[in-house]
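Line by line, the protein sequences are chains R and E.
In terms of this note's numbering, the first sequence is residues 30 to 172.
In terms of this note's numbering, the second sequence is residues 30 to 172.
All C-beta atoms, glycine included, are put in the ideal place defined by N, C-alpha and C.
Only one structure is covered here, and it is reproduced in the block below.
2 protein chains.
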Amino acid sequence: MMISTRGRYALRILVDLAEHCSEEYVTLREIAERQEISEKYLESIVKLLVRAGFLEGLRGKGGGYRLGRRPEEIGVLDVLRLTEGTLAPVACLEEGGRPCARAPHCRTLPLWKGLNDVVTAYLGGFTVRDLMGKAEDGNDYII
Amino acid sequence: MMISTRGRYALRILVDLAEHCSEEYVTLREIAERQEISEKYLESIVKLLVRAGFLEGLRGKGGGYRLGRRPEEIGVLDVLRLTEGTLAPVACLEEGGRPCARAPHCRTLPLWKGLNDVVTAYLGGFTVRDLMGKAEDGNDYII
DNA sequence: TTTAATTCCTTGCTTGACAATAGGAATTAA
DNA sequence: TTAATTCCTATTGTCAAGCAAGGAATTAAA
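The structure is reproduced here in structure tokens:
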């Protein structure tokens, strides 16, 4: 499985929050219940999202989380790169990866390069806004 | 990293063999040396390829491996599905996977479905023939 | 018939990432 | 002061990836 739970849950958190942004702050407990994911595990994922600015957290009573940017400004690719570390199909195509000595005559590198491009282009075309459901799906988000 | 060494090495083995098919059978040792991969590890990968018919093995002195089909008849997608198990981005899209209860209203499922389609379409367009190098790259393969 | 060279088969090992849990400190509103 | 939160630092269990070892079966050639 290419995409780990971290990445998948991260997106679900963001969409959930985007769809329930009428309330100022949403508690992690609410999200966890709606998404049927362990609250404790979500915590570790939310931490990443806060650090990256996708989410803002407020402590204390009445606290919770809300989006740090508008849904259409949160790119799916960015979220996945954050949570997955890299989406490159092979090590030699990772951002900070040391170049492979075989690269100049590697037969498979072009294949992986192309795969990387295809995946990046596809995921790069989505934002959290695109993942949000319609009102009849239980979406609170207005306008 | 999406693609494990098993899948990557499997393709390199097949391409290596395709490029050196002038000799009837090629020993695993030769392949391992050319590809700079542990012979023992290659053994476990080659076993899969033989079972699937991509390769034929001949035991004993003078033995080795050769392609079980022509390079243009070996699909990259098929090889990767064999060695990787599945290429589906998430569990709910795996072949024999049990359907997810959240699927009907899952916000992210369409995203993963699309990603799966994009990846499958891309990889499905390649065969081992497409990965083979030109003669000047040290390719023995003639016509 | 023996020997050397191979593929085949089973088994075990090590490591690291993933997935999740636990417990408490810091903060905030009521 | 209290209750409700987010934040922070660990720890644990599980599993697959990536090997390595040793020997059995087979084959060609000396």
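In the DSSP assignment, R37(R) falls within the alpha helix (DSSP H) that extends over 34-48. Close to chain R, meaning a Cβ-Cβ distance shorter than 9 angstroms, are the following residues of the region 64-89 of chain E: Q64, E65.
Residue-level contact check: P118(E) touches chain R, since one or more beta carbons of chain R fall below 9 angstroms from its beta carbon.
Scanning its chain for C-beta atoms nearer than 8 angstroms, with the 5 sequence neighbours on each side dropped, one finds around F155(E) the residues G104, V105, L106, in chain order.
Residues of chain R whose Cβ lies closer than 8 angstroms to the Cβ of V105(E) are, in chain order, L140.
Annotation: Cβ neighbours of T137(R) in chain E (cutoff 8 angstroms, chain order): R37, L40, R41, V44, L160. The shortest CA-to-CA distance from V75(E) to any of Y54(E), H49(E), L43(E), E48(E) is the one to L43(E). It is roughly 9 angstroms from the alpha-carbon of T34(E) to the alpha-carbon of T112(E). V55(R) is outside the set of residues whose beta carbon lies under 9 angstroms from a beta carbon in chain E. Counting only runs of 4+ residues, the alpha helix (DSSP H) found wholly inside the region 62-115 of chain R occupies 68-80, 105-113, in chain order. A straight line joining the alpha-carbon of R58(E) with that of A47(E) spans about 16 angstroms. Y151(E) and V147(R) have their C-alpha atoms some 8 angstroms from each other. F83(E) and T137(E) have their C-alpha atoms some 36 angstroms from each other.
By the neighbour-count criterion, in which a residue is buried when 16 or more other Cβ atoms sit within 10 angstroms of its Cβ, Y38(E) is buried. Interface annotation, H49(R): not in contact with chain E, CB-CB separation never under 9 angstroms. Distances from the alpha-carbon of K90(R) to those of E53(R), G97(R), R131(R), L116(R) put E53(R) closest. For G143(E), the chain R residues whose C-beta falls within less than 7 angstroms of its own C-beta are Y151, listed in chain order.
Closest by C-alpha distance to E102(R), out of I32(R), G36(R), L160(R), is L160(R). Beta-bridge analysis with DSSP links T149(E) to no other residue.
For V55(E), the three-state secondary structure derived from DSSP is strand.
Residue-level contact by beta carbon holds for R131(E) and chain R, with a gap shorter than 9 angstroms.
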